[in-house]
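Asks: Residue numbering for the sequence shown follows this note's numbering, beginning at 57 and increasing consecutively. Before anything else, here's the structure in question.
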Amino acid sequence: MIEKPGFWPKPGFFPLVCHTILRELARFPLRFRLDKRRSFGCRNSHRRRIAMKKILTCLVALAAFQTSISHADYLVESRGSWPKTWPKELEPLRKKASTFEGPLLPALHYAITFDSREQFEAAWPHLLKVKTKGAPIILKRGPSFWLRGGKAAGICVHTPPAHTKPRTDAEIAKSKASNSYWRTSVYIELIVDGKIVDLNRIPLPRDTPIIDERFKKPKKK
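Structure below.
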């Protein structure tokens with residue numbers, strides 16, 4: 057997959073910023089020591105201010121994009137590039153979606169945000185059609201890694217790599233002993249907020265395992 061314009065920094069951005077910060081920090085103490093032996097005139101003060109401004113600028117840039125570090129293993133496209141064989145009713149959502157490719161296989165992940173409850177509920181039956189029968193729906197709370205701007209409601213459809221045939225229902229049934237049996241199928245991660253995505257208002261398939269991770273405690277480091 058060719059990297060396409062998206063909303064994350066290009067590879068090499070962070071090494072460049074870190075290199076610049078370290079370079080300026082390495083120079084600054086030397087300048088400061090030299091300045092102590094001289095008079096604190098306007099020229100030396102001006103040099104110190106320039107050095108500090110460079111460091112602060114780099115730190116601000118790094119902080120502004122710190123959330124992108126976790127996306128370093130993914131190629132990201134700021135549109136939904138799912139197959140054209142998916143239901144045509146999902147076409148209007150392409151502009152509101154993002155496509156992640158990675159990190160290992162690389163798998164494809166289609167994240168979609170919604171403006172309203174009505175928009176989500178209209179799309180839900182068609183999203184269920186692309187899920188592999190027998191693959192789970194995972195319930196989570198926001199903000200989500202997958203959603204733009206850390207939004208608290210939306211959906212991410214996880215799929216195998218392009219041109220890989222998803223597992224059939226029978227294959228999934230035979231391999232349920234493995235915790236990752238469904239990772240080679242098309243499964244859904246539903247980010248629930250109770251407003252736009254309200255579980256009381258949508259049908260959940262009876263033959264689908266529901267994995268509820270909304271109240272899962274984060275692992276202690």
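Where is the CB? At the ideal position from N, CA and C, for every residue including glycine.
Looking only at C-alpha atoms, which of His-182, Ala-153, Ala-178 and Tyr-243 sits nearest to Ile-267?
Replies: Working through the sequence shown from its first residue, we reach residue 267 at position 211. Among His-182, Ala-153, Ala-178 and Tyr-243, the Cα nearest to that of Ile-267 belongs to Tyr-243.
Asks: Can you tell which of Ala-179, Arg-173 and Thr-169 has the C-alpha that lies nearest to the C-alpha of Arg-204?
Replies: Taking the first residue of the sequence shown as 1, we reach residue 204 at position 148. The shortest Cα separation from Arg-204 among Ala-179, Arg-173 and Thr-169 belongs to Thr-169.
Asks: Expressed to the nearest angstrom, what Euclidean distance is found between the alpha-carbon atoms of Ser-172 and Asp-129?
Replies: In the sequence shown, counting from the first residue as 1, residue 172 sits at position 116. In the sequence shown, counting from the first residue as 1, residue 129 sits at position 73. In a straight line, the C-alpha of Ser-172 is about 31 Å away from that of Asp-129.
Asks: Counting only the same chain and skipping the five closest in sequence on each side, list residues whose C-beta sits under 7 Å from that of Glu-269.
Replies: Walking along the sequence shown from the start, residue 269 turns up at place 213. The answer, listed in chain order, is Ile-194, Leu-195 and Lys-196.
Asks: Kindly indicate the opening and closing residues of the alpha helix (DSSP H) around His-182.
Replies: For this step, residue 182 is matched to residue 126 along the sequence shown. Per DSSP, His-182 belongs to the alpha helix (DSSP H) from 173-186.
Asks: In the DSSP assignment, find the unbroken beta strand (DSSP E) run with Phe-210 in it and report its ends.
Replies: The sequence position of residue 210 within the sequence shown is 154, counting from 1. One point to set straight first is that residue 210 is Gly, not Phe, in the sequence displayed. Counted as a single uninterrupted DSSP element, the beta strand (DSSP E) harbouring Gly-210 occupies residues 210-215.
Asks: With 16 as the cutoff for other CB atoms within 10 Å, does Phe-271 come out buried or exposed?
Replies: Locating residue 271 in the sequence shown gives position 215, where the first residue counts as 1. Under this definition Phe-271 is an exposed residue.
Asks: Could you check the C-alpha separation between Lys-207 and Gly-190 for me, to the nearest Å?
Replies: As a working note, residue 207 is residue 151 in the sequence shown. As a working note, residue 190 is residue 134 in the sequence shown. For Lys-207 and Gly-190, the distance between alpha carbons rounds to 28 Å.
Asks: Using the three-state DSSP reduction, which class does Arg-262 fall into: helix, strand or coil?
Replies: Here residue 262 refers to the residue found at position 206 when the sequence shown is read from its first residue. Of the three classes helix, strand and coil, the one that applies to Arg-262 here is coil, per DSSP.
Asks: Below 8 Å on the Cβ atoms is my contact criterion, and I expect His-214 with Ala-153 to pass it. Report the Cβ-Cβ distance as a whole number of Å.
Replies: The count along the sequence shown starts at 1 and reaches residue 214 at position 158. The count along the sequence shown starts at 1 and reaches residue 153 at position 97. About 13 Å separates the two Cβ atoms, so there is no contact after all.
Asks: Whole angstroms are fine: how far does the CA of Arg-150 sit from the CA of Asn-256?
Replies: Mapped onto the sequence shown, residue 256 falls at position 200. Mapped onto the sequence shown, residue 150 falls at position 94. About 26 Å.
Asks: According to the neighbour-count rule (16 or more other Cβ atoms, all chains shown, within 10 Å of its Cβ), is Thr-220 buried or exposed?
Replies: Start at 1 with the first residue of the sequence shown, and residue 220 comes out as number 164. So Thr-220 ends up on the exposed side.
Asks: Rank Thr-240, Glu-147 and Val-253 by C-alpha distance to the C-alpha of His-165 and give the top, closest one.
Replies: Numbered from its first residue, the sequence shown carries residue 165 at position 109. Here the closest residue by C-alpha is Thr-240.
Asks: Could you pull out every residue in the same chain whose Cβ sits closer than 6 Å to the Cβ of Leu-161, ignoring the five residues on either side in sequence?
Replies: The residue labelled residue 161 in the question sits at position 105 within the sequence shown. Pro-217, listed in sequence order.
Asks: Per DSSP, what are the beta-bridge partners of His-165 in this structure?
Replies: In the sequence shown, residue 165 corresponds to position 109, counting from 1. BP columns for His-165 point to Phe-156 and His-214.
Asks: Cys-212 and Glu-245 look like a contact to me (Cβ under 8 Å); what is the Cβ gap, rounded to whole Å?
Replies: In the sequence shown, residue 212 corresponds to position 156, counting from 1. In the sequence shown, residue 245 corresponds to position 189, counting from 1. Right, their Cβ atoms sit about 4 Å apart.
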